[in-house]
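As structure tokens, the structure follows; a few thoughts come after it.
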Amino acid sequence: MTTQRLLRIWGHRLRSILRKDAVDLEVASELAFHRELLVREQVEAGRSREQAEREATLTLGNVAALQEHCRDQRRVTWLHDFGQDLGFGLRTMRRNRGITLVAVASLAIGIGATSAVLGVARAIFFGALPFPAADRLVVVRAVPLERPSQQTGALVSEHLAWRERNRTFEQLGASHGFAGDLSGDADEPAQRIDGQLVDAGLFATFGVQPIAGRLFSERDVPGPAPAVQTVVISERLWERRFNRDTAIVGREIRLNRRPSVVVGVVPSTFLYPDGRIDYWLPMAPQRALASDSTRIYAVIGRLKRGVTARAAEADLNRIARELAREQPSISEGWGVRVLPLRTVQYGWTWEPLLTVGISSAVVLLLACVNVVGLLLARGAARRPELALRIALGAGRGRIVRQLMTESLLLAAMAGLLSVAVVWWGARALRYFAPLPGQPSIPPIAIDASIAGLVALLTLITCLGIGLVPALAAARDSSVDLRRHCTAAAVRVPRERRLRNALVGAQVALALMLLVGAGLLVNTVVRVASRDLGFDRNGLLTCEFQITPTEFLHPVGSYRGATVYEISPPPSHELERVLDRIRAIPGVASAAGISHHPTNTLLLPRMPLAGLTEPRGLLAGLPVQFLVTPGLFSTMRAPLVSGREIDRQDTEGRPWAAVVNETMARRFWPGENPIGKQFTVATLPDEQPRTIVGVVKDMPTRREEKAAPPVYYTSYLQQASRVRSPWGGIHGRMTFVIRAHGDPLSLVGPLRRAVAEIEPDRPISAISTADPGVYFWLRKMHIAAVSGLAAVATLLASLGVYGVMAYTLAGRAREIAIRTSLGAGTREIVRAIGLPSLRIVSVGIVAGLGGAFAFAMLIRSQLWGISVTDRPTYAAASLMLLTAAGLACIGPIRKALRIDPSTALRAD
Amino acid sequence: MPKPSDLLQGTLDLLILKTIARDPLHGWAISKRIQELSDDVLAVQQGSLYPALHRLEHQGWITADWKPTELGRTAKFYSLTREGRQQLERELETWDRLSSAVRLLLKRA
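Heads up: the sequence lines are chains A and B, in that order. Using numbering that gives the first Met the number 0, the letters of the first sequence correspond one by one to residues 0 to 906. Using numbering that gives the first Met the number 0, the letters of the second sequence correspond one by one to residues 0 to 108.
Below is the structure:
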């Protein structure tokens, strides 16, 4: 194509755009000239002037259409049309402000929420984790070959063997959780912080770079002689406790009452295993080998390039088989699982994201259906106008284009608004509570991919809301103009059926979400308000710990496991703190227990001798708690029989135990357990314990359905040596404090009282025993689903309102006739209300099916409620019926006010 | 008399280009000239003619000038551009090929 021609073409186009009126005038004048010549020709042929004029008009035909055709040749008409349609659309919207607002807002919520969930899911499951080449990071776990589902950490010996003999890993590292106490100083009280013992490979595996100082190397590994302990701290702790002091490297802090030198600071982007770790200590794997009996080490690895997790698993299983031969006592029967770090850390997000994502998509669908209903109604009202425009020469395509422009306008406004929803939604999603030990959702930036998602959804929405009404209008415009100019023609049965179906669909979709939200909310309420087996009002709990290294000393091994001597027994120290707490004004009573009674994930389970366990599974082993005298009376936990552990149960007396109902039922079915005996089968110096009482079941976790078997023993009646990984419980105590008034008013005095006598050991995890609000916060996604269900209900009732108002507008004459024939209010309400009721009912029936499907999908998140909980389904249906009923009130009242004489004369 | 739609697609463009190849003409004259030269066999309706003219103009094949006419008012006179002439050559070639092919087929079939 020559440049000259190109210039000419663009010259024409520009002129058509910029001087549109002039160009149109030229076309008109050109056609007028043609017409003049036509007339002259006729006159010359001998016709009268009048005849000639008429003939010319007939020959030329529809001049407006012809002009339109000429205009179409300019190739820029779409731009003009678009501008025109846009202006027209905006005017229409301004006239129907309320409807437009609801349509745009609901579409924006749908688009925004769906994009936020999809964007977050994309970032989590496909995006970059905050570690270099994160896709090669895997978690390595040991699994018992008999029970492959019970994955655990690894032994030190296993970790070392994997590290030395593997062929598939670049790096392997191990860590082990180790909460510690950071001693207080002049400015700050002591505090409990989460930490980890790590080997030198851990940071290398992740490729972490310190933001100050250095990370561990082999020379930090503690030797047998007491040396200075080195510690790496988190950026968070550096900021919170040390004000980002630039001289932090080399500074000495007191950790677990040991002087420790800070050698480095790890950036806050290092989220392993979660964002709560504040310090890292080097561990000595070779020394840990001496007491290598428990699989407590979390192992992480970086695969070599191109190696799959499966191949790595096969490689490590080969080593596992070697170990089974080399050290059969501890490694026989164990295999290895290799899992992507992403799955392990963020697998928990799948369920809440799926739930909220489906809810958002349902709201978007519902909003689309709603807007389609609105546009159809408007299309029906505009049919005379459209018919007129077709008669005046507008092509079918032109009409479709105009209606699509309006949809585009609605969708585009919604798309723009949805960016705000996405921004807010992505923030809200971060408050989804992770499972313990897993990181929460990382901050998601609104980047090009999310913007693309919004654009894509907006486009889909535009097509979704635009096509049906536009095609319906184009199809109906084939019917002739005269029919369309009468009001009666507005009611086309086919279209009425379509609109009724749309309203039914809205009701069904709304019901689906309402039932889902109802089941989830019920779950929260039931979990939060369940009978915990004690009086939770006025209780305050907090944790206190004496570091195990202060009182556990390895003295040898027994049957392959390390035996520790407990010296000095920490119980006296704990009792001293408890006595101080009892002296705080406002404390009615206080007692202690080794773990939080109803909020603990991992509890000590020990094999018992002298009992036949019905099913010898690990999960069935009874749980042990140590308690101080008076625990049950402080908690007001009712004893079913016998007595509680009291001040008489001291070292020199026969060892006593209290069991819960489940334990009594399981081991002594149909018998009175009081007076029965059992022995903790860990060491020969354990004494038999005699059951002195049975206490009511308390769930060890809120969500736990049935309490496990539990026995309670006194801190004072314990062997002086232990042989289990749970030796630390002797130094742990959760204080249970009953207050005279508001338990929270005790928090300050409590902190001060403990700091007074224990400057190095802080109390932590202070909470009331009634964490209702706390629970709600943890269930953020339930709040999100509830909010979306509310939006859905609102939309569905608007849909009902729309169809009602529209039907009534068409039936004004009929109502007028009925009224003038003497029909009362009741008859009229019945005549106009029944059809709507029928639509809503059909929608509800259809929705019940959808609701059941949704409930099945979320059933793993339900607690204490069945997926077919009838009251929930009934309440949700009733709620929708009520909302629909309320939506009908306005139109019905308007119908009742119709003045027969005016209405009948209207046409 | 065949309607314009009976004309092969693109034939109208060829007729117009050829008709104004010698000197500039306005729309009316073009339609008359086509009718005359074809011995009244081809008649181009204004409903097809003017859109076609505007299309060709916007494709850059022809250009238009407003000139006074014998009737005393100005009219839009269309003439070929340089590219239009080349286009006409191409269209003629195509037409020749096509019509001889059709003739050939009719003879042999």
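From the three backbone atoms N, C-alpha and C, an ideal C-beta is built for every residue, glycine too. Just so it is clear, the structure is predicted and the values come from calculations on it, not from any experiment.
Considering residue i, what are the terminal residues of the beta strand (DSSP E) in which it resides?
i, result
"Ala173 of chain A", "Phe168 to Gly176"
"Trp333 of chain A", "Trp333 to Pro339"
"Val371 of chain A", "Per DSSP, Val371 of chain A belongs to no beta strand (DSSP E); it is in the alpha helix (DSSP H), Trp349 to Ala380."
"Glu251 of chain A", "Glu251 to Leu254"
"Thr62 of chain B", "Ile61 to Pro67"
"Tyr872 of chain A", "Here Tyr872 of chain A belongs to no beta strand (DSSP E); instead the alpha helix (DSSP H) covers Arg869 to Leu895."
"Leu625 of chain A", "Val622 to Val626"
"Ala311 of chain A", "From DSSP, Ala311 of chain A is part of no beta strand (DSSP E) but of the alpha helix (DSSP H) over Ala308 to Glu325."
"Ser290 of chain A", "Here Ser290 of chain A belongs to no beta strand (DSSP E), and DSSP marks it neither H nor E."
"Ser713 of chain A", "Val709 to Ser713"
Could you check what DSSP says for residue i in three-state terms: helix, strand or coil?
i, result
"Ile8 of chain A", "helix"
"Arg614 of chain A", "Unreliable placement is indicated for Arg614 of chain A, whose pLDDT of 49 sits below 50; the coordinate value is still reported in the next sentence. It is coil, neither helix nor strand."
"Ala108 of chain B", "coil"
"Pro668 of chain A", "coil"
"Gly641 of chain A", "strand"
"Pro1 of chain B", "Bear in mind that the predicted position of Pro1 of chain B carries a pLDDT of just 41, short of 50, making it unreliable; the figure below should be weighed with that in mind. If DSSP states are grouped into helix, strand and coil, Pro1 of chain B belongs with coil."
"Asp534 of chain A", "coil"
"Ile276 of chain A", "strand"
"Val489 of chain A", "Note on Val489 of chain A: pLDDT 47, under 50, position unreliable in the model; the coordinate value appears next. Here Val489 of chain A sits in helix by DSSP."
"Phe913 of chain A", "There is simply no residue 913 of chain A to check, as chain A begins at 0 and stops at 906 in what is shown."
"Arg720 of chain A", "strand"
"Val298 of chain A", "strand"
"Tyr430 of chain A", "coil"
"Glu542 of chain A", "strand"
"His79 of chain A", "helix"
"Thr229 of chain A", "strand"
"Ile690 of chain A", "strand"
"Met803 of chain A", "helix"
"Arg652 of chain A", "coil"
"Gln676 of chain A", "strand"
"Asn499 of chain A", "helix"
Got a sec? Which residues, its chain only, sit under 6 Å from residue i by beta carbon, not counting five neighbours each side?
i, result
"Arg256 of chain A", "Asp759"
"Ile762 of chain A", "Cys541, Phe543 and Val753"
"Thr818 of chain A", "Pro899"
"Ile756 of chain A", "Arg579"
"Thr80 of chain B", "Thr62"
"Gly629 of chain A", "Ala590"
"Val55 of chain B", "One detail in the question is off: residue 55 of chain B reads as Leu in this sequence, not Val. Cβ neighbours of Leu55 of chain B beyond the five flanking positions: Ile61."
In terms of residues, what are the limits of the alpha helix (DSSP H) holding residue i?
i, result
"Phe631 of chain A", "Leu630 to Met634"
"Gln66 of chain A", "Val62 to Asp71"
"His53 of chain B", "Gln45 to His57"
"Ser835 of chain A", "Thr824 to Leu856"
"Lys19 of chain A", "Lys19 to Glu43"
"Ser819 of chain A", "Ala811 to Ser819"
"Phe241 of chain A", "Glu234 to Phe241"
Going along the chain, which residues of its own chain have a beta-carbon closer than 8 Å to the beta-carbon of residue i, five neighbours each way excluded?
i, result
"Ser330 of chain A", "Leu154, Ser156, Glu157, Ala319, Leu322 and Ala323"
"Arg498 of chain A", "Gly372, Leu375, Ala376, Val802 and Tyr805"
"Glu702 of chain A", "Val526 and Trp862"
"Glu145 of chain A", "Gly332"
"Val520 of chain A", "Ile781 and Ser785"
What residues in its chain sit with their C-beta under 7 Å from that of residue i, if we drop five residues either side in the sequence?
i, result
"Ala768 of chain A", "Arg535, Leu538 and Thr540"
Relative to the ligand FAD, is the shortest distance from any of its heavy atoms to the C-beta of residue i smaller than 7 Å?
i, result
"Gly863 of chain A", "The model depicted lacks the ligand FAD and carries no ligand whatsoever."
task: Could you tell me which uninterrupted beta strand (DSSP E) segments, each at least 3 residues in length, are contained entirely in the stretch 122–163 of chain A, listed from first to last along the chain?
output: 136–143
task: Enumerate, from N- to C-terminal direction, the unbroken beta strand (DSSP E) stretches of 3 or more residues contained entirely within the stretch 172–215 of chain A.
output: 179–181 and 190–197
task: Would you mind listing the alpha helix (DSSP H) stretches within the stretch 737–789 of chain A that are 4+ residues and don't spill past its ends, in chain order?
output: As far as the stretch 737–789 of chain A is concerned, its whole alpha helix (DSSP H) runs of at least 4 residues are 746–756 and 771–777.
Against chain A: residues of the stretch 79–90 of chain B by CB proximity under 8 Å: Thr80, Arg81 and Glu82
- prompt: At a Cβ cut of 7 Å, what residues of the stretch 29–52 of chain B count as close to chain A, listed as they run along the chain?
  reply: Gln45, Gly46, Tyr49 and Pro50
message: Using a Cβ-Cβ cutoff of 9 Å, what residues of the stretch 53–70 of chain A are near chain B? List them in chain order.
response: Thr58, Leu59, Gly60, Asn61, Ala64, Leu65, Gln66, His68, Cys69 and Arg70
message: My parser needs the beta strand (DSSP E) runs of 3 or more residues fully inside the stretch 556–611 of chain A; what are they?
response: With a minimum length of 3 residues, the continuous beta strand (DSSP E) runs that stay inside the stretch 556–611 of chain A are 560–565 and 586–592.
field: Within 8 Å of chain B by C-beta, residues of the stretch 86–104 of chain A in sequence order
entry: none
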